[in-house]
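Report on the structure given below.
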Amino acid sequence: MKIAPECIQCIFDVRAKEITSASLSDHEKILKLKSFLEYYSQIVTPDTSTTLLSWQAFRKVKELMGSEDPYTSFKTRSHQVAVELLSVIEREIKEKIGFERFHYAVKASIAANLVDPGTPSGIQPEALGEKIRGLRLAIDESEKLYMRLLQSSKVTFLLDNCGEALLDTLLIREIKRMGVELKIVVKGKPYQNDITYKEALEYGFNSLGEVVSTGSDFPGVIPGYVSEEAVKALEWADVIISKGMANYEAFLLKPPSKPVFIMLVAKCGVIARAVGVQKGETVAFFLQGSPDLKKLF
Numbered sequence: 605m606k607i608a609p610e611c612i613q614c615i616f617d618v619r620a621k622e623i624t625s626a627s628l629s630d631h632e633k634i635l636k637l638k639s640f641l642e643y644y645s646q647i648v649t650p651d652t653s654t655t656l657l658s659w660q661a662f663r664k665v666k667e668l669m670g671s672e673d674p675y676t677s678f679k680t681r682s683h684q685v686a687v688e689l690l691s692v693i694e695r696e697i698k699e700k701i702g703f704e705r706f707h708y709a710v711k712a713s714i715a716a717n718l719v720d721p722g723t724p725s726g727i728q729p730e731a732l733g734e735k736i737r738g739l740r741l742a743i744d745e746s747e748k749l750y751m752r753l754l755q756s757s758k759v760t761f762l763l764d765n766c767g768e769a770l771l772d773t774l775l776i777r778e779i780k781r782m783g784v785e786l787k788i789v790v791k792g793k794p795y796q797n798d799i800t801y802k803e804a805l806e807y808g809f810n811s812l813g814e815v816v817s818t819g820s821d822f823p824g825v826i827p828g829y830v831s832e833e834a835v836k837a838l839e840w841a842d843v844i845i846s847k848g849m850a851n852y853e854a855f856l857l858k859p860p861s862k863p864v865f866i867m868l869v870a871k872c873g874v875i876a877r878a879v880g881v882q883k884g885e886t887v888a889f890f891l892q893g894s895p896d897l898k899k900l901f
């Protein structure tokens, strides 16, 4: 999406924190922050996008830190927490059938985006069931997605964060139960705490569908920045399901020709305004207008 003034500060703050949180001396941190600030001032323009600026800035941080994956430890902790959370949700979902079961999986997938083991407000495994039951989506077109999937044979699912992605398997399994063939798109190289192709294979996502690598660390799927296979995965699908803000922002720049179902938490004011909700609210909706249920059958 097109850059807003507050995006420039937000992206800088996130990248600066990645440097200040590193195991370096204060002297080293100051020098690296100075280098980053000089670089950042050169790439900020009124015509840039949040997707491009975030990507360029993260690549510079990786270069300065001498690390291809600065979030390795965080992703490991996130996955460990997700394993505990998964068992809690599985017990809940077994009690449901039909659309109620599907809708619960949608809410679990979105609620998983709220789990953060690195903050005091992170959801504990025992509390997740209650969190999902009480979750109220500000925009909820899950039923329209459910109906569309009943008429579909091919779905491409874009994953987001590591840990969260493990909880997405509940929804992916529900989609498979509908007789749908799946392609699962993941980052080819590390970008923030997003799940990568290597990690997706390690965690068994290839048993759920064909895992497709973007071949890069770019935040979204835009031709020219990712692999041809990832672009073709979007063209192949009857429906695309997209998790997280970064994928949403990329689709605002280059919308696919196929229907895109967005699932995210509006974690900032800019995204909230773009979606039409309040900051912190959760949404599940079709990007290019939802289908008319009467026309689906």
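Sequential numbering from 605 applies to the sequence shown in the working numbering.
Glycine included, each C-beta is placed from N, C-alpha and C at the ideal position.
Since we're looking at a predicted model, the values are computed, not measured.
For Gln-660 and Val-869, the gap between their C-alpha atoms comes out near 24 Å.
Closest in alpha carbon position to Phe-703, among Thr-649, Ile-634, Leu-753, is Leu-753. Annotation: His-631 to Thr-680 spans about 29 Å, alpha carbon to alpha carbon.
Ranking Phe-640, Cys-611, Leu-690 by CA distance to the CA of Thr-652 puts Cys-611 first. The Cβ atoms of Asp-764 and Asn-851 sit closer than 8 Å to each other. For Lys-847, the enclosing beta strand (DSSP E) covers residues 843-847. DSSP places Leu-657 in the uninterrupted alpha helix (DSSP H) bounded by 654-669. Note on geometry: alpha-carbon atoms of Ser-831 and Glu-885 lie some 33 Å from one another. Shown here for Ile-799: same chain residues with a beta carbon closer than 6 Å to its own, the five before and five after excluded, namely Leu-763, Cys-766, Ala-769, Val-790 in chain order.
Within a 10 Å sphere around the beta-carbon of Ile-714 sit 16 or more other beta-carbons, which makes this residue buried. Between the alpha carbons of Met-867 and Lys-847 lies a distance of about 5 Å. A straight-line Cα-Cα distance of about 13 Å links Lys-666 and Phe-822.
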